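Student: What follows is a structure written as structure tokens; I'll ask about it next.
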Amino acid sequence: LAVECAIDENSDTRRYFIYLEWFIHGIPWLITSSLSFIVLMRQNADPEITYDVGVILFGICIDLIAVGIIKCAVRRERPHYNKNDQVYEAPIADQYSFPSGHSSRSAMLSVFGYCHFSMHSLIM
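So in our numbering, spot 100 of the sequence shown is number 178, and the numbers just go up one at a time.
In structure tokens form, the structure reads like this:
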């Protein structure tokens, strides 16, 4: 059902899938974390916050590099129903479907959140 809704160009659900895809896309995360890190460094912000943003930036860079290398090595083709309507893609790596950059980025951010925010700090 999700695939049928996602490939139907007239479906409102497709628009939500596109928004979800952009939310975890590497380019906005890379730009946002880079700019945030630069601003925090120039403003002499709290070192703990600057460190956290630096860790996220480093993780995103490692994620993008690792996923790009693995995609180029494995070269698994995208499904036949895939729409090539994304404007900002890496021309070589994004033509392949494995591993999913969105999934690896979600996992990396989840691990960061889990390690950074303990249950004690969330409850208190």
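Glycine included, C-beta positions come from ideal geometry on N, C-alpha and C.
Model, not experiment: these values are computed from the prediction.
(1) Determine the contact status of residue 131 and residue 142, defining contact as a CB-CB distance below 8 Å.
(2) How would you call residue 127, buried or exposed, if buried means at least 16 neighbouring beta carbons within 10 angstroms?
(3) Going by DSSP in three states, residue 144 sits in which element: helix, strand or coil?
(4) Kindly list the residues whose CB is nearer than 8 Å to the CB of residue 100, restricted to its own chain and excluding five residues on each side of it in sequence; keep chain order.
Tutor: On the basis of the supplied data:
(1) no
(2) exposed
(3) helix
(4) 106
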